[in-house]
Amino acid sequence: MSGLAMPKPDAETMRRRAEIVADMRIIVPGEGVVDTVNEMRAFESDGLTAYRQLPLVVVLPETVAQVSRVLKYCNDRNIRVVPRGSGTSLSGGALPLEDAVLLVMSRFNRILQIDYPNRIIVAQPGVTNLGITTAVEQEGFYYAPDPSSQIACSIGGNVAENSGGVHCLKYGLTANNVLGIEMVLMNGEVVRLGGSHLDQEGYDLDAAAILLCEADGTALEVAEEIARMTEVLREAGASAITVSQSEAERLRFWSGRKNAFPAAGRISPDYYCMDGTIPPKQLAHVLARIEEMETTFGLRCANVFHAGDGNMHPLILFDANQPGELERAEAFGAAILALCVEVGGTITGEHGVGVEKIDSMCVQFRAQELDAFFAVKRAFDPRMLLNPNKAIPTLNRCAELGSMRVSGGVLPFAHLPRF
Ligand SMILES: Cc1cc2nc3c(=O)[nH]c(=O)nc-3n(C[C@H](O)[C@H](O)[C@H](O)COP(=O)(O)OP(=O)(O)OC[C@H]3O[C@@H](n4cnc5c(N)ncnc54)[C@H](O)[C@@H]3O)c2cc1C
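Under the working numbering, the first residue of the sequence shown is numbered 12, with each subsequent residue one higher.
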């Protein structure tokens, strides 16, 4: 069994399941409610397949009014809700809870407006990331943040995870490319944050008017970027640096990078993809320490990363059929994330915290910082019903793990500035 601790389901919600399912069918008629075990299996995990849990019921609304009614219903009755886009999260963000409605946004799959002069597109949250680019590419535009999962992942999921991709070193992450969102609060209220203009009044809460980029930099810009990257890589101790000399060679390099994850499947039955970020100049040091950890944990690790922004994706190789290997892989992953913090980095680059890295949050953040995160969450979701027990650990949880000083203990890496 893995080390993941799931909260105990709420007994009252479980007792009222049949009534809740019947009410969901009234709010979302037709085929929008899935409640049999066999059909719900398709939703029992996201991209982090090591963790699985059937939800209370799966609901697939089609209109904002239905989303609002589902949330208000759940809020009034103290029922938890877990939203889901395409289910490609690698951190368990969309992992269902036994006592929670799984609110699947995939039927919101329409592009509502394309405004070329202002380089803006307005899309529903279930549109795929690649679907945005496909809609505008014939006019010479594309949407820059491009996760490798872009053929499947939804723009709503990208916003929730602040996802990145190979273009992000130059154009920033999702948060830097989204101007506004319409969002439904847990009490059913529909609010708009931001809009179709670049500068916002008030707090920049970000996130579905989306900026488009024109395809792509000048030769001078490309040369400058290559020079900058070469410098960074040399400082990090790279033994060989090769810059592609032709379009065919460039595509071959990219094919190597894009196929690195699937290729891991050729050398190991399972792999666990980590996601931490370090200052790029620490790359050589961190890779050497990961090699030492391979001996400590008795598992191999293949290192894939975006060297430019310091985002590492160590692939910890294991066999889930061998007792204890998943737990060792989890412990190996947590040690890598602690190392990222130790060298001045962070526990996530782009895959989010979800359930996977929740304990590592205790290593990175102080009690006051976690309190501040909870205060922001409470402002939108006072009863903490929306996707609970993900992303932000309670102070008790951190204290139990001994990972954080709550009173009197020693804070790990206390010399480092906290974020
Ligand atoms: C092969 C592969 C490669 C990947 N490569 C990358 C990569 O290069 N870069 C990267 O950043 N990520 C990558 N990922 C991770 C993943 O694709 C991203 O995190 C993506 O943004 C998740 O989108 P989704 O629609 O699948 O969201 P889901 O997995 O369904 O959900 C993710 C989170 O978002 C929330 N959520 C989803 N939709 C909504 C909504 N409409 N409203 C509110 N909350 C919502 C969920 O509750 C959950 O917490 C990869 C995943 C895979 C499987």
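C-beta atoms are modelled at their ideal positions from N, C-alpha and C, and glycine is treated no differently.
query, result
"What does the alpha-carbon distance come out to for the pair residue 26 and residue 63?", "22 Å"
"At a cut-off of 7 Å, would you count residue 85 as near ligand 1, judging by its Cβ distance to the nearest heavy atom?", "no"
"CB-CB under 6 Å to residue 271, same chain, minus the five flanking residues each way: which ones, in chain order?", "315"
"Between residue 369 and residue 402, which are expected to be in contact by the criterion C-beta below 8 Å, what is the C-beta distance as a whole number of angstroms?", "7 Å"
"Counting pairs of Cβ atoms below 8 Å between the region 132–140 and the region 152–168, do you hit three or more?", "yes"
"Do you know offhand how far residue 97's Cα is from residue 241's?", "36 Å"
"Reducing DSSP to helix, strand and coil, say where residue 282 ends up.", "strand"
"Less than 7 Å between the CB of residue 108 and some heavy atom of ligand 1, yes or no?", "no"
"At what residue ranges does the region 289–368 contain a whole run of the beta strand (DSSP E), taking only runs of 3 or more?", "311–317 and 322–329"
"Within 10 angstroms of the Cβ of residue 95, are there 16 or more other Cβ atoms? Answer buried if so, exposed if not.", "buried"
"Who pairs with residue 194 in a beta bridge, going by DSSP?", "202"
"Tell me, please, whether the region 266–285 touches the region 322–335 by the rule of three or more beta-carbon pairs shorter than 8 Å.", "yes"
"Can you tell me the Cα-Cα spacing of residue 302 and residue 148, whole angstroms?", "43 Å"
"Quick check on DSSP: helix, strand or coil for residue 37?", "helix"
"Would the C-beta of residue 93 count as close to ligand 1, meaning under 7 Å from any of its heavy atoms?", "yes"
"Report the rounded CA-to-CA distance for residue 372 versus residue 102, giving the unit in angstroms.", "13 Å"
"Going straight from the alpha carbon of residue 194 to that of residue 257, what length do you get?", "45 Å"
"Have a look at residue 31 and residue 395 and give me their C-alpha separation to the nearest angstrom.", "19 Å"
"Between residue 358 and residue 366, is the Cβ-Cβ spacing less than 8 Å?", "no"
"State whether the region 195–202 contacts the region 73–81, with contact taken as three or more CB pairs (one from each stretch) at a distance under 8 Å.", "yes"
"Any heavy atom of ligand 1 closer than 7 Å to the CB of residue 281?", "no"
"Could you pull out every residue in the same chain whose Cβ sits closer than 8 Å to the Cβ of residue 298, ignoring the five residues on either side in sequence?", "314"
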